[in-house]
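*Asks:* Take this structure first; my questions come after.
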Amino acid sequence: MAVYCWGNTVHGELGLGGIEDEQVLLPREMDWCHSSSVQQAACGTSHTLLLTKDGKLFSCGNNDHGQLGHDTDCLPNKRPRTCRFKFISSLENYIVTHVSCGTTHSLALTNWGQVFSWGSNSIGQLGHDTDLQTYTTPRMIKTIATKTVVQIASGQFHSLALTNSGELFSWGANGYGQLGLGTTGEKLVTPTLVKSLAGIPIAFIACGGNHSFAVSKSGAIFGWGKNTFGQLGLNDLVSRCFPQQLKTLRNLGVRYISCGDDFSAFLTQEGGVFTCGAGTFGQLGHGTCSNEILPRMVFELMGSKITQIACGRRHTLAFVPSRGKIYGFGLGGVGQLGVGVISNYNTPQIVRGPWIDPGPKTIDTISPPPATQLIVGKIFAGGDQCFVSLLVDDPESIGSADYRLYDPNTQILTMSAEISKKLCHIQPEETIDIDLLSVIETVFKSLACFNGSWLLPNEQHLCCSSRQPGVDMEAAEETFENIRKIEHDTLKQMIWESISSDLISSLVASPADVETLRIYLTLPMYHEFINSKNYSKLHSPFSLAVQKLQKNPFTIVSRWWANQSLEYFERLVENFKHVILYIIHFKFPKVVGSNGEERQEIRYEPNLAAMLDIVGILYKINHLERKQKLPYEQFHIHEIDDLIDIRLDYVRWVTDNNGTYFSLCNYPFIFNASAKMYLLQTDQGLQMHQAMQDAAHASFLSFLRPDVNVSQFIVLNVSRENIVQDTIRELAQYSANDLKKPLKIKFHGEEAEDAGGLRKEFFMLLLKDILDPKYGMFKTYEESRAIWFTEDFFDNEETMFALIGILCGLAIYNFTIINLPFPLALYKKLLDEPVDLSDLRDLSPTVAQSMQSILDYTESDFEEVFDLTFSTTRDFFGEMQTIELTPGGDKMRVTLDNKEEFVRLYIDYVLNKSVEKSFKQFRLGFMKVCGGNVLKLFKAHELMAVVIGNEEYDWHVLEENAEYKNGYKSSDPTIRWFWEVFHELPLEEKKKFLLFLTGCDRIPIQGMKAIKIHIQPTPDDKFLPVAHTCFNLLDLPQYKTKEKLKYKLLQAIQQTQGFSLV
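1 is the number of the first residue of the sequence shown in full-length UniProt numbering; add one for each residue after it.
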């Protein structure tokens, strides 16, 4: 191995010794006994440090400010160009791993993570909090002595240090904000934490003359400091005192940065080189001497994979391993380009050295060609001097260094599945290695370390974005599963304390970058989230941190959660639901509820509010963003009704005019169908009670005015033959407030009193008639058998739409299931939920599939294939009309670029605009009955189920809930035969029985458990079974055989219309 150098040596900074030259124009071999073991060269403006592989440090050059680290008394002060590198004896007891030089100061990093500094301290660049201007020998920086530093970097008069916990410290000159602390000023004499980069897993740091850079593990670049030449690459000339991201380079995967005084060079994962800043001397390599305010690729190096770059004050070096060549460009006034002449070059020139070169073999160098071929090991530059270490080209050679690959010893600590395996195998009484304990404590306390853990392999984590977090979720899952298995109490407690006390408290509302958000994905895998008792230290602060996130980071976290597996998302929801239950059950006092039972009293509690809010966030993510959705029921907390008096909670909620009462009704997603129906009954009771009170008050006044007839019910006298017109006439007598009263039906010529059964039949008959095509109010879609409002109707028919809306509301308020074949879109519109393609599919699957085909088609011949404009046609009483979906739509072509807008407008036309007038009347009628807070509790699918019920039949539950009266028991032969016959019936016959017994063949939203039937015996088995639909009561004669029972039952269930007194 050999070391070659070239460039300025006025102060002896090349360490060649015994020469009178002030410049070395071509690479020259160093005749030095330690040259074969050089690990690193660090170059200041006029001094150089050489670090050997065994950790020994040597220096030479200018020592006017003590920057060589030697006592000035023992150094020769004449003819410095004759000096060679001298060992820094004060560091002989330390193993130095990295060195860095400023203009007049030096830094050294040891294998224990200690930082030593020496030289000029005039602007605080040494980090020693003293007034001493110069330190001639290395001194440890005490402020960060307790930290384990893994990287150091120096500018002209400032310094940076990165610790293994991901903390970045800066000190020294700050005139341009190069310390990144948000301020500018003369200096800062002690290392200070750069808080604005907290949480970012930094992989690399670099300093220019008066500017600084940090690169994250996934390629985010942050720059700050002087920018008067555009050296920060931020597309302007404004200096920054806070780190600001270079978004133009985010997707290029920058891995390494080298800086000159006023310019910067970036090396990407793909081996490309970009430069920006001052270009006066050609140091940017773009063929001009212009400055660049945005990073621009060095096109002369395109096609070559660069693995190393190094910058001096005003020149740049780049190494191409495939060619074995080093290229230089920029200032060459003292030979620093190594091309043999004193000249500046603004394009890359080959450095003429004795290393392998596939080109011509005759190389004019001062040094004779070596006996064996050499390859470049590492290149170094700084000030106006350059160094290169060379290796013998043989099979045992380690090969050229690649600056794109990070030395693990220079990286922040991270957790992995492999480390976690070791942890779970530690025995309960085993003594743990102190270094391992330190690693675990550091990682779980540090947000940066946590965010840098479990990254996708093979650099797939580069370009972390809102779409791709770059996290290996399987590795994280495996890690936390191993942590769950840890049996060592000290270890478990350390991890718990680190996470609950330090990690969560470090979360901020406005994080610096998307990479800092990875914790929101990985931390919920920690098994202690399953333990609801931890809510005050874990769940609640985590939830609050999510809620406090500003809009952009919150959107990113939401999208990441939306893209996770169903299992992950379900576990997230369940963990927070369990905490809600735990807080309500154990933290609230019990009071006597409205039904006389003891229940927990709901009141504001910040942890409970935080839990409900985070579940609300997950609820929205699930239904608005996730493709694979959890069912709505997954968010229900079924025990709520047992723990809380929700009726009282609802009453307080609806009567809270100031909006100050904390109520579970603000979180309706936790209520299951039974609870919501219970609240609907509560609301109905409130509304009807108020209406009846008003009626009673009016009745009292009617004593004074006998002409006023007031009823506490809505009584509709209708005939079966003319039910529609009779209903319109009868309802016209009542005001909106009257519609809140209980409904009673009286059929002309029939004796029955309405206890519920007549009401059920009334709705069935009325809707069957009113939806008849003879009225032309609705269009039936043959494929789906669903109906939708027609576009064409006469103005005098508007009252009919309002009537149907009123009937729909009355059915809800009177808990009567009606067969109203509208799609879900109707209920979405009533609740102001947006409609989409799935709603069009509910109406017309064929049309929806056509729209989907338009969206899916991506070929360039789209316009020829579909030949569409922003218009549609409809049949208007036999005449085809063209409807523009947007102004001028019949002339606007549908293209690949605007097809999504076309589909959106088409759906909007079919479901909204074309039926605007008719739906408006329907809504007005509906809201006359159901307007109010109670609707806020329901989602569209739930409201639909309240109106039309569902067909999720569980016939065995019907049998289990049945009650037997007046002598019948479940063990009686007749009862056993009845259920045997019933379960043998086909589905349609079972539905007929349900219609026969209850007046409806669909079941309530709560399910079959909401239907309780009663069976009582009658003595004469000559009669058919008789149903009392008002009470779900079946008169079942005591038939002598199963066959006769079946025959009579089948006869009876065919008769489902008309009522008579029994």
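For every residue, glycine included, the Cβ atom is placed at its ideal position computed from N, Cα and C.
From a predicted model like this one, the values you see are computed outputs, not experimental measurements.
In chain order, what residues of the same chain have a beta carbon less than 6 Å from the beta carbon of Glu13, not counting five sequence neighbours either side?
*Replies:* Position 13 of the sequence shown holds residue 13. These residues qualify, in order along the chain: Ser46, His47, Thr48, Gly61, Gln385.
*Asks:* Would you report the Cα separation of Asn575 and Phe669, rounded to the nearest angstrom?
*Replies:* On the sequence shown, position 575 is the one that residue 575 refers to. On the sequence shown, position 669 is the one that residue 669 refers to. Those two C-alpha atoms are separated by around 16 Å.
*Asks:* Which one of Gln244, Leu301, Ile306, His128 has the shortest CA to CA distance from Gln269?
*Replies:* Position 269 of the sequence shown holds residue 269. When each option's Cα is compared against that of Gln269, the closest is Ile306.
*Asks:* Would you grab the beta carbon distance between Thr316 and Gly330 for me? Rounded to a whole angstrom, and I think it's under 8 Å.
*Replies:* As a working note, residue 316 is residue 316 in the sequence shown. As a working note, residue 330 is residue 330 in the sequence shown. About 5 Å; that satisfies the 8 Å criterion.
*Asks:* Give the DSSP-derived three-state secondary structure of Ala310 in the structure shown.
*Replies:* By one-based count along the sequence shown, residue 310 stands at place 310. Looking at Ala310 - three-state DSSP - the assignment turns out to be strand.
*Asks:* Please list the terminal residues of the continuous alpha helix (DSSP H) segment that includes Thr974.
*Replies:* By one-based count along the sequence shown, residue 974 stands at place 974. Per DSSP, Thr974 belongs to the alpha helix (DSSP H) from 973-984.
*Asks:* Among Gly172, Thr799, Asp613, which one has its Cα closest to the Cα of Leu107?
*Replies:* Numbered from 1 along the sequence shown, position 107 holds the residue referred to as residue 107. Nearest to Leu107 by alpha-carbon distance, out of Gly172, Thr799, Asp613, is Gly172.
*Asks:* Residue range of the alpha helix (DSSP H) that Trp955 falls in?
*Replies:* Numbered from its first residue, the sequence shown carries residue 955 at position 955. Element bounds for Trp955: 955-961.
*Asks:* Can you tell which of Tyr661, Ser290, Gln231, Asn552 has the C-alpha that lies nearest to the C-alpha of Ser465?
*Replies:* Locating residue 465 in the sequence shown gives position 465, where the first residue counts as 1. Nearest option by C-alpha distance: Asn552.
*Asks:* Apart from the five residues just before and just after Arg314, which ones in its own chain have a Cβ nearer than 7 Å to its Cβ?
*Replies:* Here the question's residue 314 lines up with position 314 in the sequence shown. So the list reads Gly260, Asp261, Phe281, Gln283, Gly330, Leu331, once near-sequence residues are dropped.
*Asks:* Based on the DSSP output, what are the partners of Leu284 in its beta bridges?
*Replies:* Residue numbering aside, residue 284 sits at position 284 when the sequence shown is read from its first letter. The partner list for Leu284 (beta bridge, DSSP) is empty, contrary to what the question assumes.
*Asks:* Are the segment 499-509 and the segment 238-257 touching, with three or more C-beta to C-beta distances below 8 Å?
*Replies:* no
*Asks:* Below 8 Å, how does it come out for the segment 419-426 and the segment 470-486: are there three or more Cβ pairs, yes or no?
*Replies:* yes
*Asks:* Report yes if the C-beta distance between Ser100 and Ala42 is below 8 Å; otherwise report no.
*Replies:* Reading the sequence shown from its first residue, position 100 is the one you call residue 100. Reading the sequence shown from its first residue, position 42 is the one you call residue 42. Closer than 8 Å, so yes.
*Asks:* For Leu987 and Tyr953, I'd like the C-alpha separation in whole angstroms.
*Replies:* Taking the first residue of the sequence shown as position 1, residue 987 is located at position 987. Taking the first residue of the sequence shown as position 1, residue 953 is located at position 953. Spanning the two alpha carbons is a distance of roughly 10 Å.
*Asks:* If you measure from the beta carbon of His158 to each beta carbon in chain C, is any gap under 8 Å?
*Replies:* Absent from the structure is chain C; it holds one protein chain and no more.
*Asks:* Label Gln151 either buried or exposed according to how many other C-beta atoms from any shown protein chain fall within 10 Å of its C-beta, with 16 as the threshold for buried.
*Replies:* Sequence index remark: in the sequence shown, residue 151 carries index 151 (1-based). When all chains shown are included, Gln151 counts as buried.
*Asks:* Would the beta-carbon of Gln427 fall within 8 Å of that of Met677?
*Replies:* Counting from 1 along the sequence shown, the entry for residue 427 is found at position 427. Counting from 1 along the sequence shown, the entry for residue 677 is found at position 677. Contact flag unset, no.
*Asks:* Given a threshold of 16 other Cβ atoms within 10 Å of its Cβ, counted over all protein chains shown, does Leu1061 qualify as buried or as exposed?
*Replies:* Taking the sequence shown and counting its residues from 1, the one referred to as residue 1061 is at position 1061. With a pLDDT of 26 at Leu1061, under the threshold of 50, the predicted position of this residue should be treated as unreliable, and no value is reported.
*Asks:* With a threshold of 8 Å, are at least 3 pairs of Cβ atoms found where one atom belongs to the segment 107-119 and the other to the segment 135-149?
*Replies:* Contact check between the segment 107-119 and the segment 135-149: three or more CB pairs, one atom from each, fall below 8 Å, which counts as touching.
*Asks:* Tell me whether the beta-carbon of Val334 lies closer than 8 Å to the beta-carbon of Gln23.
*Replies:* Translated into the one-based positions of the sequence shown, residue 334 becomes position 334. Translated into the one-based positions of the sequence shown, residue 23 becomes position 23. Yes.
*Asks:* Check whether the segment 245-253 and the segment 191-200 are in contact - that is, three or more C-beta pairs closer than 8 Å.
*Replies:* no
*Asks:* Between the C-alpha atoms of Leu1045 and Gln1038, what's the straight-line distance to the nearest angstrom?
*Replies:* Within the sequence shown, the letter at position 1045 stands for residue 1045. Within the sequence shown, the letter at position 1038 stands for residue 1038. If you draw a straight line from the Cα of Leu1045 to the Cα of Gln1038, it is about 8 Å long.
*Asks:* Please classify Lys590: does DSSP put it in a helix, a strand, or coil?
*Replies:* The residue given as residue 590 occupies position 590 in the sequence shown. In the structure shown, Lys590 sits in a strand (DSSP, three-state: E or B).
*Asks:* What's the C-alpha gap between Tyr520 and Phe542?
*Replies:* On the sequence shown, residue 520 is found 520 positions in, with the first residue counted as 1. On the sequence shown, residue 542 is found 542 positions in, with the first residue counted as 1. Cα-Cα distance, rounded: 8 Å.
*Asks:* Within the segment 740-810, note down every full beta strand (DSSP E) run reaching 3 residues or more, in order along the chain.
*Replies:* 743-747, 778-780, 787-789
*Asks:* Can you tell me whether DSSP reads Ser37 as helix, strand or coil?
*Replies:* If you number the sequence shown from 1, residue 37 lands on position 37. Of the three classes helix, strand and coil, the one that applies to Ser37 here is helix, per DSSP.
*Asks:* Alpha carbon to alpha carbon, how far is Cys1030 from Arg1002? Give it in angstroms, no decimals.
*Replies:* One-based indexing of the sequence shown puts residue 1002 at position 1002. One-based indexing of the sequence shown puts residue 1030 at position 1030. Whole-angstrom Cα-Cα distance: 16 Å.
*Asks:* If I measure Cβ to Cβ from Ser719 and keep anything under 8 Å in the same chain, skipping five residues before and after, which residues do I get?
*Replies:* Along the sequence shown, one-based indexing puts residue 719 at 719. Non-local beta-carbon contacts of Ser719 in its own chain, meaning distances under 8 Å to residues more than five positions away in sequence, involve Asp726, Phe747, His748, Gly749 in chain order.
*Asks:* How is the alpha helix (DSSP H) around Met494 delimited, first residue to last?
*Replies:* The residue labelled residue 494 in the question sits at position 494 within the sequence shown. Its alpha helix (DSSP H) spans residues 489-497.
*Asks:* Helix or strand or just coil, what does DSSP make of Thr125?
*Replies:* For the purposes of this step, residue 125 is identified with residue 125 of the sequence shown, where counting begins at 1. Note that residue 125 corresponds to Gln in the displayed sequence, not to Thr. In the structure shown, Gln125 sits in coil (DSSP, three-state: anything other than H, G, I, E or B).
*Asks:* Would you call the CB atoms of Ala1052 and Pro1017 closer than 8 Å?
*Replies:* If you number the sequence shown from 1, residue 1052 lands on position 1052. If you number the sequence shown from 1, residue 1017 lands on position 1017. Cβ distance not < 8 Å, so Ala1052 and Pro1017 don't count as in contact.
*Asks:* Quick one: measure Cβ to Cβ for Val254 and Val273, integer angstroms, because I've assumed they're closer than 8 Å.
*Replies:* On the sequence shown, residue 254 is found 254 positions in, with the first residue counted as 1. On the sequence shown, residue 273 is found 273 positions in, with the first residue counted as 1. Their Cβ separation, rounded to whole angstroms, is 10 Å, which puts Val254 and Val273 out of contact at 8 Å.
*Asks:* Do the segment 630-642 and the segment 606-613 make contact, defined as three or more Cβ pairs closer than 8 Å?
*Replies:* no
*Asks:* Pull the bridge partners of Phe822 from the DSSP assignment, please.
*Replies:* Position 822 of the sequence shown, counted from the first residue, corresponds to residue 822. Looking at the DSSP assignment, Phe822 forms no beta bridge with any residue, so it has no partner.
*Asks:* Are the beta-carbon atoms belonging to Asn819 and Ile646 less than 8 Å from one another?
*Replies:* What you label residue 819 is simply residue 819 of the sequence shown in a count that begins at 1. What you label residue 646 is simply residue 646 of the sequence shown in a count that begins at 1. The answer is no: Cβ separation not under 8 Å.
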